[in-house]
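In the numbering used here, the protein residues as written are 1 to 290. Report on the following structure.
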Ligand code: ATP
């Protein structure tokens, strides 16, 4: 039996950093949204051991891959007697602020559960998944959520109204450690109004949701990489309601009401030499098979 699962990426419609904690982590308040850009994984039983093959040479296939870690965690936690052969078809940009690794890990937790017929709830997978990464529980649930704590405390929110989403990952590398390491929270730090965004979601008001978008981490990443501001400007000039960096970057997303204007921005970005540009949309898991 071969099981296939799609692992969806996310964007942050709002990202606030509340404080740095004594343990070095940051307390966050984020609005997370699953998007229609996904990796595909397959799972097949083998007598023993975890083997992973990936159609992208940039990624490790050993225990450094979050997929491997997730498969090992399931094996150890539930005493699974047997191995697994996993393949990954990678489409989500890597190290991009779209939780590509975390979503693959979440899909692996579910894939192993289903392959071995374990009676384990999604909530239970969230509880063990947080050991792999703070975004893994969100990726298990998928959809629209307020994520607090280090990202693992989840409250479900209504899905935003329909919109066209343009995703653009510039060809630069931004390490999450660099971004948090250089974040200086002062009284002058601009904090996005997450509560107003939550109200906007409850009212189904796309305009208000977008008008209140903001990402504290952009105050570190954007000055270091002017290309981020440039992409946002192009998206706005082409008619985006709003444009912002996702997570710790460098992926920028634009929200459009019309497919036509999103396509115009797509064409301009491609003409400027960008290669990782995608027209996408918001999705929730109720509308997918995940
Ligand atoms: P986040 O939004 O959670 O910060 P990200 O999109 O910035 O995530 P990832 O794509 O998850 O970053 O990858 C970050 C690093 O994790 C990469 O440099 C990569 O080597 C490593 N990694 C391990 N497993 C995976 C995986 N399955 N997919 C992508 N990256 C992985």
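Think of the CB as a built atom: it goes at the ideal place given N, C-alpha and C, for glycine as much as any other residue.
Residue(s) in a DSSP beta bridge with residue i
i           : result
residue 30  : 15 and 147
residue 89  : 40
residue 248 : Residue 248 is not bridged to any residue.
residue 239 : DSSP lists no partner for residue 239.
residue 7   : 39
residue 278 : 167
residue 50  : 84
residue 255 : 165 and 242
residue 20  : 26
residue 154 : 147
residue 45  : 84
Buried/exposed call for residue i, threshold 16 Cβ in 10 Å
i           : result
residue 169 : buried
residue 29  : buried
residue 271 : exposed
residue 102 : buried
residue 33  : buried
residue 1   : exposed
residue 250 : buried
residue 218 : buried
residue 187 : exposed
Any non-hydrogen atom of the ligand ATP closer than 7 Å to residue i Cβ
i           : result
residue 64  : yes
residue 228 : no
residue 94  : yes
residue 60  : yes
residue 141 : no
residue 222 : no
residue 147 : no
*Is the segment 172-182 touching the segment 190-202 in the sense that three or more CB pairs, one from each, lie closer than 8 Å?*
Touching, no, given that fewer than three Cβ pairs across the two stretches are closer than 8 Å.
*With contact counted as at least three CB pairs below 8 Å, one residue from each stretch, are the segment 105-121 and the segment 256-265 in contact?*
At 8 Å Cβ cutoff, the stretches do not touch.
*Cβ contact (3+ pairs, closer than 8 Å) linking the segment 150-168 and the segment 183-195*: Three or more Cβ pairs closer than 8 Å define a contact, and the segment 150-168 falls short of that threshold against the segment 183-195.
_Validate contact between the segment 238-245 and the segment 54-65 using beta carbons, cut 8 Å, 3 pairs_ = The segment 238-245 is not in contact with the segment 54-65.
*Segment contact, 8 Å Cβ cut-off, at least three pairs: the segment 60-71 with the segment 120-138*: The answer is yes - the segment 120-138 touches the segment 60-71, with three or more Cβ pairs under 8 Å.
*Count the CB pairs spanning the segment 34-42 and the segment 2-20 that are closer than 8 Å, and state whether there are at least three.*
Contact holds: three or more Cβ-Cβ distances are below 8 Å.
_Taking contact to mean 3 or more Cβ pairs, one atom from each stretch, closer than 8 Å, check whether the segment 117-129 and the segment 205-225 are in contact._
As far as the Cβ criterion goes, the segment 117-129 does not touch the segment 205-225, which means the pair count is below three.
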